[in-house]
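Structure first, then comments.
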DNA sequence: TTAGGGTTAG
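In full-length UniProt numbering, the protein residues as written are 1 to 456.
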């Protein structure tokens, strides 16, 4: 009987996965160097992976000391950078370039090289490299050799809005598995809800296509999972299709799928979009373990339906049970206050961002604060907040101040806000109309004509 | 003997 190679079962390798700090990892690495273990690819890959999660610089130093690293080691580092250190994506691409430009016949990218790189290409500034990578896939890999590469390509094109290419690539895949089906469904749902400026016929068609694809998927005997249902329920929300959404909810229960935070959040959102606040709350209330997103959906739901006080109660409950709020939580909570004039409560939420949670308020947070104050007629406070904020205010903030000043009849502040709006958006004709309307209201007709001329 | 693709909220 052949005994296992001791390298693979060495206790130092078991220890590696338990290292929680760079210091302990360095100790194990030192031990591996003295025992000669660090010369072998298998343990080297393990240490490269563990160190890249904890401290990328250390992993890079290890990598730079490896003579003739294999494509396996390149892939490990590339994928770890993209998964754990997205801001360092350029390092992943320079590693990829090293493979391509090595001139070494033994060093070629393989099917494990591409999925993470395509994932990186979904955000700027890397999007433009996607089609280059696609060309490399065709050059270096056998056609249709790997479903992971095919699915990641599909996701890349879907993310760019090139749904036709995504569908073409899907049709090339032999017996698509569950994740590939989910990719295609996600592609349609994402493109349906990604349009700017509201619903149009194309978007509705894409959401309807999600229904059709779901049926096609079931006919191909692939069992949907929670992810599939999240996509299906989101399509129902986009269409305002309550009956289909309820059917999907029942399907989750009937098929024994988990009502996890993703599924429940999409259900809450669907019920809210269909105007069923009660059903949204029932679904929220039944979930024993809720995450931040789930709370955000419910707070936002109460806010949109005009129940600011209820929204704040949920926000308070979140604090009591110890679920950490995020930027969205602060936004929706302040929005909830704004809608029903709970000014002091909204200000308290704003102050808590820094004082309680130690987070620097963002431009968007200031936007909600100014909107809250301006709507309530606290125009001097709103203007003071804009002037004292640490970043440059954008047009949205000045517009909120303008709207508040307009409603509450404060021409002086209205004028200040409009001047800033014109500076920031000289091309927006609405701003000139607002300005001339303001002068017309105070009977300054010579200015009305002057502003109108400037705006044409 | 190790690696890679799919989900929610304003």
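A virtual CB, placed ideally from N, CA and C, is assigned to each residue, including glycine.
Just mark residue i as buried or exposed, buried being the case when its beta carbon has 16 or more other beta carbons within 10 Å.
i, result
"residue 288", "exposed"
"residue 310", "buried"
"residue 92", "buried"
"residue 333", "buried"
"residue 258", "exposed"
"residue 144", "exposed"
"residue 34", "exposed"
"residue 174", "exposed"
"residue 135", "exposed"
"residue 98", "exposed"
"residue 150", "buried"
"residue 42", "exposed"
"residue 407", "exposed"
"residue 286", "exposed"
"residue 433", "exposed"
"residue 387", "exposed"
"residue 76", "buried"
"residue 371", "buried"
"residue 86", "exposed"
Since residue i and residue j are thought to touch, with beta carbons under 8 Å apart, how far apart are those beta carbons, to the nearest angstrom?
i, j, result
"residue 116", "residue 82", "4 Å"
"residue 49", "residue 80", "6 Å"
"residue 242", "residue 274", "4 Å"
"residue 121", "residue 133", "7 Å"
"residue 248", "residue 261", "Their Cβ separation, rounded to whole angstroms, is 16 Å, which puts residue 248 and residue 261 out of contact at 8 Å."
"residue 303", "residue 339", "6 Å"
"residue 327", "residue 362", "6 Å"
"residue 159", "residue 231", "Wrong, their Cβ atoms sit about 15 Å apart, outside the cutoff."
"residue 438", "residue 414", "6 Å"
"residue 12", "residue 37", "6 Å"
"residue 335", "residue 353", "Rounded, the Cβ-Cβ distance is 14 Å, inconsistent with contact."
"residue 55", "residue 22", "5 Å"
"residue 351", "residue 395", "Going by Cβ atoms, the distance from residue 351 to residue 395 rounds to 25 Å, so no, they are not a contact pair."
Do you know whose CA, among the options, lies nearest residue i's CA?
i, options, result
"residue 412", "383, 217, 329, 262", "383"
"residue 163", "176, 184, 329, 353", "184"
"residue 69", "86, 104, 54", "104"
"residue 356", "307, 319, 7, 376", "319"
"residue 296", "307, 265, 308", "265"
"residue 421", "119, 161, 403", "403"
"residue 378", "392, 216, 401, 325", "401"
"residue 223", "101, 177, 205", "177"
"residue 346", "367, 101, 358, 360", "367"
"residue 191", "157, 171, 170, 20", "157"
With respect to 7 Å, is the separation between the Cβ of residue i and the closest non-hydrogen atom of the ligand SAM below this value?
i, result
"residue 319", "Within the structure as shown, the ligand SAM is missing, as the structure has no ligands at all."
When the Cβ atoms of the segment 252–266 are set against those of the segment 201–221, are three or more pairs found closer than 8 Å?
-> no
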